[in-house]
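The sequence shown begins at 811 in the numbering used here and counts up by one.
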Amino acid sequence: MVATFARIPGYNLTEQIYNGSRTVVYRAVREIDSLRVAIKLLKNPYPNFSELLSFRNQYVITKNLNSPLIVQTYSLEPYQNGYVLFMEDFGGISLKEWAVKEGNRLSLGEFLEVAIALCNTLDILYSDRIIHKDIKPSNILINPETKQVKLIDFSIASLLPRETQTLVNPNVLEGTLAYISPEQTGRMNRGIDYRTDFYSLGVTFYELLTGVLPFQSNEAMELVHSHIAKAPRLIHEINLQIPFVLSKIVSKLMAKNAEDRYQSALGLKFDLEKCLTQLRETGEIAGFEIAQRDLCDRFIIPDKLYGRDKEVQTLLQAFERVSLGATEMILVAGFSGIGKTAVVNEVHKPIVRQRGYFIKGKYDQFQRNIPFSAFVQAFQDLMEQLLTESEAQIQQWKNKILDAVGENGQVIIEVIPELSRIIGEQPPAIELSGTAAENRFNLLFQKFTQVFTSAEQPLVMFLDDLQWADLASLKLMELLMADTSYLLLIGAYRDNEVNPAHPLILTLSEIQKNQATINTITLAPLSQVKVNQLVADTLKCPETLALPLSQLISQKTQGNPFFATQFLKALHQDRLIQFTPPTPPYRAGGWQCDIAQVNQQAVTDDVVVFMSFQLRKLPPSTQQILQLAACIGNQFDLATLAIVSEQSEIETSADLWKALQSGLILPIGDVYKFYQGEENERLVVSNENTTKQIAKYRFLHDRVQQAAYSLIPDEQKTATHLKIGQLLQQNFSELEQEEKLFDLVGHFNLGSELITQKLLKRCKP
């Protein structure tokens, strides 16, 4: 019967064991040697790129994981328009299914045995630097006879030690919403690391012990808000049979901030084994102090903000006023690296509560000639969010946008091409020139923006690095502030790089003349006390012990948070900060710093010079590719970078990998995963749905981009830009040249000196 659903040459399919929304799994026997296997297929006969990517990612990550605690992967083969994955079949069923068969509740002893096995599994992932990102009962298999436990489904897993979730609609978030960690929602101002799996494990434990999930809702945004802001009922209150200490363990796993959770799977395992030992010896579990053996040997600098409580509160209060109908601008001023973006990102939580939208764009230090660039980025971001909503919602947006822009939709589409995917292609607009065209565009953009600002959905727009904004952007900003309710416009700029005659300052003055509300938050350097707290939290030591190191860091970095964290990372990379394992019964273990050696380090107090030195530690090929990426911009894509480096995309991505691992560049989205492993050429693109998407990245910080650019010798910068412009012109189609016109012109302008010299040589008799 099952074989009618799929025919796999060389295999006899015996049973369908899973039928999900995207995949189906069969039990089968390999004909050649009677090996029992599980076969996983994509259900969609014409899978899209995302489906193929996640399927392939599972194979790339698990093929080298030879552990009895993880389902073994045998091979990945092309099948019809997609893939077929062959895996080990050890007779397991999902933990979810098994729990139901056992009467919807495991015994305490059974639960602890399963939980301890899962701790061992997570410790393996930790050792191999893998983040699973989808721990849940249906991804945990158990053999009902042997009680052997194995983890499955690595389709969204990551090989990077840290990821940053981009802001997307909750309906398309990676993972399973009921089990997802707060940081995986992209609305917590926190990065994703191995501790995200601890939160999901906590939710799994919660469900196994109580029979219910901690948060239940049919609405995606409500679940997101619960994960980031609500405390679930304690499990010993739901199930009176659960000992209080076990309830505390689960609550610690489910802490909102990763630094408050368990920090190691072995620390968690120690507590669970203590519970199991007590249960076996006395029949009950007595209370004890948890997490006493919870040591982590991975160097992690906390994401939390230090010394910014007042500034964050000012920002949140402004959002509350905007939610009631106000129009406000908040300016966040301060030196580069002072933490402006980190403060702004704290506004995510209340936006979720108010069902609002957060969009952002950034002006680029090397591309100041591109008009409206940050506005375009922000609204491209918004279009991507809208396109993940339901068909009915998209139709509503289409009607509202068309009502607002009338017959001039093409004017906006020319600036934001993604809009055409919502409102469709529009007829050409009447051609205007000069001031008339500018006035029409500004009026249309104002009406277009107002579509997305309402009491039901206030809009927060963050424009970063306003000191590099073009005049057209500043004029548009002035217009939006004049008449757009339910809008919070946040602008960040370096106040040390502007003077009273700077266009930004003049524009702000005009906005204030029109009675618009502008509040300014000026971020000062961190005090010695706050730097000390950062160092103490990083090294997991008392603040008194951290003082000698933090004084040195504070002195060298002048209290600049970005510089301070990069300095700490460099000390660890240079082995001046090291982890000492515990040696029972005398030494507890922990982080040690050789302060004498640190004092002898000749460290520059110029952050760009410092970051340049760090970049030089990377392989030469990685340094070279980052130099070219810095010329392209703060954000760049793999296709363009491959053109200018005169390599294939696979070779280019390999050169980028070390920079990704070190966190100096960050992926935007998950397309970068396609370039992991050696299976790239096997991606099936035999139908229109599998059009290959482009991997995109961004620099961790402007200072990293600046440092990478500084690695190009000054005498070669002109030639580098000229060559980039020529390569792009030669390789771009006419449409691409039109879309990237400002980029091309920018590179040729920077290389104009050489063009002039060549022309002069030709003109000489």
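No residue lacks a Cβ here, since even glycine has one placed at the ideal position from N, Cα and C.
DSSP links ASP1274 through a beta bridge to LYS1172. Scanning its chain for C-beta atoms nearer than 8 Å, with the 5 sequence neighbours on each side dropped, one finds around VAL1153 the residues LEU1115, ARG1118, GLU1121, VAL1122, LEU1125, VAL1142, ILE1331 and LEU1333, in chain order. Residues of the same chain with a CB within less than 7 Å of the CB of ASN822, apart from the 5 flanking positions on each side, are ALA838, VAL839 and GLU841 in chain order. Note that the C-beta distance between GLU1353 and ASN1342 is below 7 Å. Judged by DSSP secondary structure, ASP1447 falls outside any alpha helix (DSSP H) and instead within the beta strand (DSSP E) spanning 1445-1447. Of the other Cβ atoms in all chains shown, fewer than 16 fall within 10 Å of the Cβ of THR1087; this residue is therefore exposed. Shortest Cα-Cα distance from ILE940 to any of ALA1311, ALA967, ILE990 and PHE900 involves ALA967. Rounded to the nearest whole angstrom, the CA to CA distance from GLU907 to LEU951 is 9 Å. For the 7 Å CB-CB criterion, ILE1211 and ILE1240 do not form a contact.
In the structure shown, the three-state DSSP call for SER1264 is coil. Annotation for GLN975: LEU983, GLU984, GLU993, GLN994, THR995, GLY996 and ILE1002 place their beta carbon closer than 8 Å to its own, counting only its chain and skipping 5 residues before and after.
Here ALA925 is buried, its C-beta having at least 16 other C-beta atoms within 10 Å.
Taking the Cα positions, ILE871 is about 21 Å away from TYR1507. Where GLN1343 is concerned, the enclosing alpha helix (DSSP H) starts and stops at 1338-1349.
Cβ atoms of VAL1270 and ALA1214 stay farther apart than 8 Å, at about 20 Å. A direct Cα-Cα distance of roughly 35 Å separates LYS943 from GLN1175.
DSSP places ALA848 in the strand class (E or B) of the three-state scheme. Residue burial annotation: PRO1268 is buried, with at least 16 other C-beta atoms found within 10 angstroms of its C-beta. Looking only at GLY1443, LEU1470 and GLN1361, the smallest Cα-Cα distance to GLN1177 is reached by GLY1443. In the structure shown, GLY1021 adopts coil according to DSSP, grouped into three states. By the neighbour-count criterion, in which a residue is buried when 16 or more other Cβ atoms sit within 10 angstroms of its Cβ, GLN1187 is buried. For the 7 Å CB-CB criterion, ILE1095 and CYS1106 do not form a contact.
The Cβ atoms of LEU1044 and SER1036 lie no closer than 7 Å to each other. PHE964 carries a coil assignment under DSSP once its states are collapsed to helix, strand and coil.
Cβ-Cβ distances below 6 Å link SER1133 to GLN1164 and PRO1268 in the same chain, with the five nearest sequence neighbours on each side left out; the list follows chain order. THR1137 and SER1295 do touch by the CB rule: their CB atoms are close to 6 Å apart, below 8 Å. Around the beta carbon of ARG1426, fewer than 16 other beta carbons sit within 10 angstroms, so the residue counts as exposed. The secondary-structure analysis by DSSP pairs TYR1303 across a beta bridge with ALA1143.
The distance from the Cβ of LEU1033 to that of ALA1065 is about 18 Å, inconsistent with a contact at the 8 Å cut-off. Runs of the beta strand (DSSP E) lying entirely within the stretch 858-932 and spanning at least 3 residues, in chain order: 883-889 and 892-898. Between PHE921 and HIS1046, the alpha-carbon positions lie close to 15 Å from each other. Counting only runs of 4 or more residues that sit fully inside the stretch 1427-1464, the alpha helix (DSSP H) segments are 1430-1442 and 1448-1455, in chain order. Residue pairing by DSSP puts ASN829 in a beta bridge opposite VAL834. Annotation for ILE1328: the continuous beta strand (DSSP E) segment containing it runs 1327-1332. For VAL1481, same chain residues with a beta-carbon under 6 Å away, outside a window of 5 residues either side, are GLN1503 and ALA1505 in chain order. The beta-carbon separation of GLU1228 and GLN1190, rounded to 5 Å, stays under the 8 Å limit for a contact.
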